[in-house]
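Residue numbers (my numbering): 2 to 219.
Here a beta-carbon is modelled for each residue, glycine too, at the ideal position from N, C-alpha and C.
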């Protein structure tokens, strides 16, 4: 895997968007905010549970980063996909789940889920009144689902440069920004160097989380 990343990074082209995750609980949950949940978890270690769409996925890693940041113990319940995990969350089978804003949307509109905080490093346009976990005490907390464009290794520099320029132009358009905002995402125009730096930083961050949580992929 390390060799694959090294190969990709030599041909990184452009970052497109950062997708928002948020901390969701059942609509009838007693936890009205993150502080309530953390306080209960500290007083009752191992009694709360959180769902994920599968072992080693974004929801799993984000929840582990959250746990490590607060020094709390919450039991991981992995599902085979996001839909059954969110359904059980809405039904109160589990207490918490980190999920993309778009995936949770239908259950939120149906009054079955409520949000405690977003995992972005800034508030998102579609949920301006929802605080970030960084605001609530986890300084620097961020967990993105991100999209980027990579070209094959060996792609001429002038081609990568042109791809970067065209992507920046597309992401700057009002129509694209509006579409991304509706999806709970933010445009993240960045060239090959910025993308390479970002991937290296993300790889190091999640490797540390995985090691601390002793996560093993099924």
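Within-8 Å CB hit, residue i to chain D
i	result
residue 38	The structure shown contains no chain D; it is built from a single protein chain.
Cut-off 8 Å between Cβ atoms - residues of its own chain near residue i, not counting five sequence neighbours on either side
i	result
residue 141	122, 135
residue 171	177
Run of the beta strand (DSSP E) containing residue i, from where it starts to where it stops
i	result
residue 98	97 to 101
residue 187	186 to 191
residue 132	No beta strand (DSSP E) holds residue 132; DSSP gives it neither H nor E.
residue 149	145 to 151
residue 28	Premise fails: residue 28 is in no beta strand (DSSP E) and is neither H nor E.
CB of residue i within 8 Å of CB of residue j, strictly
i	j	result
residue 218	residue 57	yes
residue 87	residue 27	no
residue 22	residue 144	yes
residue 69	residue 213	yes
residue 129	residue 118	no
residue 97	residue 38	yes
Alpha-carbon spacing of residue i relative to residue j, whole angstroms
i	j	result
residue 6	residue 29	Confidence is the limiting factor: at residue 6 the pLDDT is only 46, short of 50, which leaves the residue's position unreliable, though a coordinate-based value still follows. Rounded to the nearest angstrom, the two C-alpha atoms are 43 Å apart.
residue 111	residue 138	30 Å
residue 183	residue 205	30 Å
residue 81	residue 159	43 Å
residue 107	residue 42	28 Å
residue 63	residue 99	7 Å
residue 95	residue 51	6 Å
residue 127	residue 33	20 Å
residue 44	residue 188	40 Å
residue 155	residue 92	51 Å
residue 157	residue 173	25 Å
residue 202	residue 209	11 Å
Chain-order list of residues whose beta-carbon lies under 6 Å from that of residue i (same chain, five-residue window excluded)
i	result
residue 169	190
Nearest-angstrom Cβ-Cβ length linking residue i and residue j, presumed shorter than 8 Å
i	j	result
residue 49	residue 75	5 Å
residue 20	residue 207	The pair is not a contact, with the Cβ atoms about 15 Å apart (cut-off 8 Å).
residue 185	residue 101	7 Å
residue 18	residue 181	5 Å
residue 290	residue 165	What the structure shows of the chain is the stretch from 2 to 219, and residue 290 is not part of that stretch, so it cannot be assessed.
residue 120	residue 161	That pair is no contact at about 30 Å.
Residue i - containing alpha helix (DSSP H), residue span
i	result
residue 159	158 to 173
residue 65	59 to 71
residue 117	Element bounds for residue 117: not the alpha helix (DSSP H) but the beta strand (DSSP E), 114 to 119.
residue 85	83 to 91
residue 42	35 to 44
Cβ-based neighbour list, residue i, same chain, cut-off 7 Å, excluding 5 preceding and 5 following
i	result
residue 54	60, 80, 82, 83, 86
residue 47	74, 76
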